Amino acid sequence: MSLKIHYGEQNSCQLSSDTVSVVEPSDAKSLPKIAEAVRAGLAKPIGFPPLVDTTVPGDTVAVAVSQRIPQAEQVVLGAIAALMDAGVEPRDIAVVTTVKFSDEATLTQGIDELSAGGVQFVLHEPHKVSEESVSEGSVSEDSAPEKNVTGQQEEATAMVGIMSDDQPLRFHRIIAEADFVLPIGLSEPQRAVHAEATMQASKFASLYPEFSDAATIARFSKNQNKPAPKSREKLYKQQEESGWLLGVLCIVQVVASKGNDIAAVFAGDAIDVTKAATQHSEAAWCPVSEQQADLVIAAVSGTQQQTWQNVAQAIHAAERLVSPGGAIAILTELKEKPRGGLRRLRNADDLAEVQRKLVRDEDEYAGPALQLAQALENGPVFLMSKLPLAEVESLGITPIANETELQRLVSNHDKTIVIEEAHRLVPRLAGDASATSN
């Protein structure tokens, strides 16, 4: 049996084995015209008035686009078209993202076709703020970090109010000062480092803390790593409260399909959209496996998906199906150097002590590091990436240099499960009722 596995930006490898099975998302059809689907969804929102009735001429609109959205260019073009249909001028629209678009040519062409050259594209970089992060009519460029990062963060963000825990709520200034905020997020099954810490899906999870300041992101990351139910409940309430204080009523959520595409778009009332999108995403991305394996290969595919956060989510998926003491292999084209909490794993002798420190860390990389540390305690972890082999080894991970080594790894195990698009998948073992909510 020969099996082709897709991973990385646009890469693939071939495995030959009679003991390999595949766990993948459902065969939900991808939308043929994503921009038109978003435009149509916003023209007739679920449980919400049409945009033309909720905006007035001169209103400024901030479109906050979460970094995990597939086909983000098409989604954004659809949202811009819908806003223009409602009478919003391009100069009054700002699109705020936390990562650069992967296909700038498509986005620029679409903007030209819509005659929307006045739209601003703003790159929100809470850990690296610069005056050059704003451009008009085109995607913003990277800029060199300034000396006074804290001062720049205060200038780039604005306070919306005070949360119930007495912490200031800050968002990117354009979002905070907009008359109408439209968050666009990806609906995914919920997951957590600790099974008991899995959070309920918030309506505003794509907005907060992603578009807040570095201090807020750090606090949120720290609490996200704690297994206590009270911590989980606190984070959910913070996300809900953030959207309420900002005055967000209408949201867009997309559900991914296989191949980094989109299966469905939901737009309208925040409560109604979240409920519908969650049901759709769980049906698509929570497949059942009839068995475990002593080797689970988890592939991370997509240009913008090659991150440590997605490596951690792939490990999370693999751990659900690997047999006790079994091995996990993650296939990526990861280039991002280990930083933050991940550095605690370098040449670490005591993984239990590392985990105790990571739980206290206020660092967005503490969660991925904690997931990795727990996996390393349970069994070997292998990684195919574009990082130097020595750097991978320093984290306690065994590097996979090429397809030949991967094939050898498969041959050395009795049973192998391959998880396609493991960074999005939340598989469960047949008969494990508890897995449906973790």
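Under my numbering, the first residue of the sequence shown is numbered 196, with each subsequent residue one higher. Every residue gets a Cβ at the ideal spot worked out from N, C-alpha and C, and that includes glycine. Just so you know, these numbers come straight off a predicted model, no measurement behind them.
- At a Cβ-Cβ threshold of 7 Å, H618 and A509 count as neighbours.
- Across the set F406, I446 and E616, the C-alpha of E616 shows the shortest separation from the C-alpha of A507.
- Boundaries of the alpha helix (DSSP H) harbouring G305: E299 to L309, taken from the DSSP string.
- The stretch 261-269 and the stretch 478-491 do not touch, with fewer than three beta-carbon pairs separated by less than 8 Å.
- Rounded to the nearest angstrom, the gap between the Cα atoms of L440 and G356 is 7 Å.
- In chain order, A259, V291, T293, H319, F366, H367 and I370 place their CB closer than 8 Å to the CB of F406, counting only its own chain and leaving out the 5 sequence neighbours on each side.
- Proximity to V215 across M196, K323, E557 and A257 peaks at M196, based on C-alpha coordinates.
- Judged by beta-carbon spacing, S221 lies beyond the 7 Å limit of A561, meaning their Cβ atoms are not closer than that value.
- Annotated three-state conformation of H511 is helix, per DSSP.
- Where V447 is concerned, the enclosing beta strand (DSSP E) starts and stops at C445 to S452.
- Inter-residue distance for D287 and G313 is about 8 Å (C-alpha atoms, whole angstroms).
- The three-state secondary structure of F415, taken from DSSP, is helix.
- Looking from the CA of Q499, the closest CA among C208, E268, C445 and A462 belongs to E268.
- A274 and G282 have their C-alpha atoms roughly 13 Å apart.
- Taking C-alpha positions only, A568 is separated from V549 by approximately 8 Å.
- Closest in alpha carbon position to E308, among L571, M279 and A513, is M279.
- The residues I241 and G242, in chain order, have a CB closer than 7 Å to that of D467 in the same chain once the five nearest residues on each side in sequence are set aside.
- Leaving aside the five residues that flank D298 on each side, the residues in its chain whose CB is nearer than 8 Å to its CB run, in chain order, E268.
- For I229 and L604, the gap between their C-alpha atoms comes out near 40 Å.
- Note: S484 is bridge-paired with L624 in the DSSP secondary-structure output.
- Contact between the stretch 441-448 and the stretch 581-588 is absent: fewer than three C-beta pairs spanning the two stretches fall below 8 Å.
- Out of F316, A396 and R414, the CA that lies nearest to the CA of P363 is found in R414.
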